[in-house]
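In the numbering used here, the protein residues as written are 318 to 849.
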């Protein structure tokens, strides 16, 4: 197993006692728990734009709930203590504000009301879905994280944000304890193609505690790309374990579901329990149980059935670990990103910054560059030539440098940079360095979607960034995931990652920088519908 190695260089982005964690992982019987996620082939409403009365909406939702109940029992049989279900898994998607009304339930705030819908089903009306999930958790003696549509009545006189129809409609995650009690409620903040829902007026930072692993944080799908709540939970509140329902449409070469899930877990130093729906016709798949150093994941664009993943993982909550191993671990600040990964092969050359020479140390070397559209953004790229070499490319203050060796030259690769505001299906500022396998020999194919590559590559990728939030990711042939041997800050604005000895061909290696301070909007929402 790979071990954490602290690198005290540069400014801190996330705070974690990595040295204590390393000691804990080496200690006998470190605390752990069994987690499960289920990628669900959701049964969709064929006419989501047509309003349904409550009875018909319940009939539809129960077709999905029956499957979730079966999978909960299977997970419990394998010892799972917590299971995460996907976003939209119970009701589906593409509703309008009016057509989803029959699906809505009121979810009381667990900070104000302690309630088990299973034990007290008549306390609140029209809560059949909550009752089903609560009984599911209690019957199988495990925590359940589920996503559902909810409503909250508001008064336009006293609440200036209250919608015109007098109620909020939220995309909501609900967490049930192993006794069936609602212990957390989170309303999705950063909506994506969700005309049926409102964003909450204020940021929500939701956590819940478990007896087996301590504290978890909660957010949903598109939230992972924004400061609030994702980064705030980790950086400011010290959360190290995340439950993450999602309905993520894969966007290669940089943002496939499992790709961003792994990158976030690795960069933030967290365990991420990610459950995606399966809807191949929309390009939606990709779930996993991700720790900072490895993963158990599932990605399948061809299959028609769901997938249950169950895995034992170490506890990462510092306070819980401190209670269990108080003589081993003390919570302390950490400066800089960790160096994560396997020991380098001693027979191979260990690269250093001096080897690359950084093109006169300023990334100012000249190379034939070209432009190509990658995921709706205009990247500047330079081709890779020969079996080995080093290339650089810049966009404003963001400069990318690649030192590489590769097994063959038959496939066309390029190093690309983007420094600007992404404005298609979301508004957010990016600083990106990426090595991509192009889909053909044409420059315009660089940035096209592909899951396959045969060229094995050893590399050291470095970039200068104006943000401290950089998420490194490596994607191999057939949607295999990898993690860097080493990654971190070399100085105040220079971030790097290196990898050697990959077993699969390289599809993408990316340093995905998010400059939250340059985003135009704090929250993003679009009222368009998803289309194939």
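Heads up, the beta-carbon is just placed ideally off N, CA and C, and yes, glycines get one too.
Whole-number beta carbon distance between residue j and residue i, since they are thought to touch under 8 Å
i: residue 867; j: residue 776; result: Residue 867 lies beyond the range of the chain shown here (318 to 849); nothing can be said about it.
i: residue 562; j: residue 404; result: 4 Å
i: residue 458; j: residue 392; result: 11 Å between Cβ atoms; not a contact.
i: residue 359; j: residue 397; result: In fact, because the Cβ distance is near 21 Å, the residues do not count as touching under 8 Å.
i: residue 753; j: residue 825; result: 5 Å
i: residue 589; j: residue 388; result: So it is not a contact: roughly 19 Å between Cβ atoms.
i: residue 715; j: residue 349; result: That pair is no contact at about 40 Å.
i: residue 447; j: residue 424; result: 7 Å
i: residue 706; j: residue 729; result: That pair is no contact at about 15 Å.
i: residue 623; j: residue 384; result: 7 Å
i: residue 575; j: residue 798; result: 6 Å
i: residue 723; j: residue 774; result: 4 Å
i: residue 567; j: residue 535; result: That pair is no contact at about 23 Å.
i: residue 772; j: residue 823; result: 6 Å
Same chain only: Cβ atoms within 6 Å of residue i, ignoring 5 sequence neighbours per side
i: residue 473; result: 479
i: residue 769; result: 794
i: residue 814; result: 778, 789, 801, 804
i: residue 492; result: 462, 500, 501, 525
i: residue 539; result: 507, 509
i: residue 712; result: 697, 734, 736
i: residue 629; result: 349, 351
i: residue 543; result: 507
One or two residues paired with residue i in a DSSP bridge
i: residue 572; result: 568
i: residue 730; result: 754
i: residue 799; result: 791
i: residue 353; result: 400, 627
i: residue 815; result: 777, 803
i: residue 421; result: The partner list for residue 421 (beta bridge, DSSP) is empty, contrary to what the question assumes.
i: residue 407; result: In DSSP, residue 407 forms no bridge with anything.
i: residue 850; result: Limits of the chain in this structure are 318 at one end and 849 at the other, which puts residue 850 out of reach.
i: residue 721; result: 706, 776
i: residue 748; result: 736, 830
i: residue 591; result: 561, 605
i: residue 691; result: 694
i: residue 366; result: Its beta-bridge partners do not exist; DSSP assigns none.
i: residue 531; result: 527
Exposure of residue i, with buried meaning 16 or more beta-carbon neighbours within 10 Å
i: residue 834; result: exposed
i: residue 805; result: buried
i: residue 672; result: A caution first: residue 672 carries a pLDDT of 41, below 50, which makes its placement in the model unreliable, though a value can still be read off. Per the 10 Å Cβ criterion, exposed.
i: residue 740; result: exposed
i: residue 569; result: buried
i: residue 674; result: In this predicted model, residue 674 has a pLDDT of only 40, less than 50, meaning its place in the structure is not dependable; the value taken from the coordinates is given anyway. Exposed: under 16 other Cβ atoms inside 10 Å.
i: residue 495; result: buried
i: residue 511; result: buried
i: residue 481; result: exposed
i: residue 809; result: exposed
i: residue 836; result: buried
i: residue 621; result: exposed
i: residue 476; result: exposed
i: residue 861; result: Nothing about residue 861 can be reported from this structure: the residues present for the chain run from 318 to 849 only.
i: residue 693; result: exposed
i: residue 761; result: exposed
i: residue 832; result: buried
i: residue 744; result: exposed
i: residue 757; result: exposed
i: residue 488; result: buried
i: residue 660; result: Per-residue confidence for residue 660 stands at a pLDDT of 31, beneath the threshold of 50, marking its modelled position as unreliable; the derived number appears in the next sentence. When all chains shown are included, residue 660 counts as exposed.
i: residue 820; result: exposed
i: residue 470; result: exposed
i: residue 376; result: exposed
i: residue 531; result: buried
i: residue 572; result: buried
Own chain, CB closer than 8 Å to residue i, minus 5 neighbours either side, in chain order
i: residue 440; result: 432, 434
i: residue 727; result: 771, 772
Sequence-distant residues of its chain with Cβ nearer than 7 Å to residue i (five each side left out)
i: residue 368; result: 415, 416, 418, 419
i: residue 583; result: 609, 657, 789, 800
i: residue 564; result: 403, 404, 405, 410, 538, 593, 594, 601
i: residue 591; result: 354, 561, 563, 578, 604, 605, 607
i: residue 380; result: 360
i: residue 627; result: 351, 353, 392, 395, 397
i: residue 708; result: 684, 699, 701, 719, 732
i: residue 546; result: 506, 520, 521, 522, 536, 540
Proximity test, Cβ basis, 7 Å: residue i and chain B
i: residue 578; result: The displayed structure is made up of one protein chain only, and chain B is not part of it.
Continuous alpha helix (DSSP H) assignments of at least 4 residues falling wholly in the segment 425-501
445-457
Taking only runs of the alpha helix (DSSP H) that begin and end inside the segment 593-645, which ones reach a length of at least 4 residues, in chain order?
635-641
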